[in-house]
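Chemist:
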Amino acid sequence: EKEVYQEEIERLKEKIKSYEEIIAQTEDEEIKDKLKNQLENFKKELKEIDNENVAKLFSEKTGEQIFDETIEEILTTPVDILPDITLVNAIAKEKAKILKEKKAQYF
258 EKEVYQEEIE RLKEKIKSYE EIIAQTEDEE IKDKLKNQLE NFKKELKEID
308 NENVAKLFSE KTGEQIFDET IEEILTTPVD ILPDITLVNA IAKEKAKILK
358 EKKAQYF
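According to the numbering used here, the residues represented by the sequence shown are 258 to 364, in order.
#1: Quick check: what's the CA-CA separation for Thr343 versus Gln295?
#2: If you compare alpha carbons, which of Lys354, Pro335, Glu305, Leu356 is closest to Asn346?
#3: If I follow the unbroken alpha helix (DSSP H) through Glu297, where does it start and stop?
#4: Starting from the Cα of Lys291, find the closest Cα among Asp341, Lys274, Asp307 and give me that residue.
#5: Hey, could you find the ends of the alpha helix (DSSP H) Leu332 is sitting in?
#6: Heavy atom of the ligand GDP less than 7 Å from the Cβ of Gln295, yes or no?
#7: Could you give the distance in angstroms between the alpha-carbon of Ile328 and the alpha-carbon of Tyr276?
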């Protein structure tokens, strides 16, 4: 479970780096603005998961408890709770459904 957490942080860092490179090479300002908006969403997501409070949860709860709570929170939160990241939330819900189905593989 801790490895999955670290992998997610690394995945987001790689995605951020990739977006920064793409933005630097993009000439169309409209596309560039959309990419920058998405980049900011990834940075927010990274900031939310890569902090001391989240790391502390791993020492206080079992990975399975955290998994269950997180999946349930994602699935019950409305996708449009933050209009700027509706797409990100919709993707997170789909990923959460898949992870929930595969829970037995992880625990």
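No residue lacks a Cβ here, since even glycine has one placed at the ideal position from N, Cα and C.
Small disclaimer: the values here were computed from a predicted structure and weren't measured.
Modeler: The answer reads as follows:
#1: 11 Å
#2: Pro335
#3: 286-306
#4: Asp341
#5: 320-333
#6: The ligand GDP is not part of this structure, which contains no ligands at all.
#7: 27 Å
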